[in-house]
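**Student:** To start, I am sharing the structure in question, which I have written as structure tokens.
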Amino acid sequence: MNKVYNEIKEFLKDPIKNREAFFNNSSIIWIDWREYDEDIIGYFNGLLAHEDIIELETKEIDLGRGIDLILKKDNKVLTIPYEDDETDRDITIKTLDEFISPKYQIRLFSESLGDDTLAFTVLNSNEWKELENEFGKEKLEFFFTPVSQFKGIFNMSMEEVMKIYTEREVLRDKIFKNN
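Reading the sequence shown from the start, the letters are residues 0 to 178 in numbering that gives the first Met the number 0.
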């Protein structure tokens, strides 16, 4: 198993005890509003197996955003589908998640939700399944939520964040009662 898998597994064994240490390890990628979308691809590449690294082509264009980002791997090519006027971290991360699927899956470390910098990680889909089998889907997704479940994660209103936070508090009590 890889280092990221082992660090996530250790965290899930005792999330309360391991929370602070997990926030500071190399298994998560911190992304905020200042990140360049092309750098985000590089951050995730840093957690992928060497043979699975995504090639990124940056192409200058005449639209307001100024660039197209093109993902390439083997015979697969995909231009990230941005709006005309700007790139968008949400679209970058979700498109990358779709591009590396089904072999890998990107998830939000949900404990970072509500901050201006969000934490993500990526694992082989089989490893996510092993963690789900060991810790349960509810607990796993409570802490590591598939990015496909969110819309506009970087642009959520405080109302949306508070709603999720309140729902998470109810779930947190349920999850920790069962431990």
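Virtual Cβ for every residue (Gly too), placed ideally from N, Cα, C. Fair warning: this is a prediction, and the values are worked out from it, not measured in the lab.
Ignoring anything shorter than 4 residues or poking outside the segment 1–33, list the alpha helix (DSSP H) runs there in chain order.
**Tutor:** Taken in chain order, the unbroken stretches of alpha helix (DSSP H) that lie wholly in the segment 1–33 and span 4 residues or more are 2–12 and 14–22.
**Student:** Nearest by alpha-carbon distance to D51: which of I79, I66 and G41 is it?
**Tutor:** G41
**Student:** From G63 to Y35, what distance separates their C-alpha atoms?
**Tutor:** 15 Å
**Student:** Check the C-beta distance from I60 over to K71 and give it rounded, since I have them as a contact under 8 Å.
**Tutor:** Not a contact, Cβ separation roughly 17 Å.
**Student:** Inspect the beta-carbon positions of F141 and S109 and report whether they are closer than 8 Å.
**Tutor:** yes
**Student:** Leaving aside the five residues before and after T120 along the sequence, list all residues of the same chain whose C-beta is less than 8 Å from its C-beta, in chain order.
**Tutor:** V3, I7, S26, I27, I28, L46, I105, R106, F108 and F143
**Student:** Along the chain, which unbroken stretches of the beta strand (DSSP E) at least 3 residues long are found entirely within the segment 141–178?
**Tutor:** 143–145
**Student:** Which same chain residues, not among the five before or five after D83, have their C-beta less than 8 Å away from its C-beta?
**Tutor:** Here the set comprises L62, G63 and R64.
**Student:** Mapping DSSP to helix, strand and coil, what is D96?
**Tutor:** Three-state DSSP puts D96 in a helix.
**Student:** Applying the 10 Å Cβ sphere with the 16-neighbour rule, what's the burial state of M161?
**Tutor:** exposed
**Student:** Mind checking whether D31 and D115 have CB atoms under 8 Å apart?
**Tutor:** yes
**Student:** When DSSP builds the beta bridges, which residues end up paired with T57?
**Tutor:** L68
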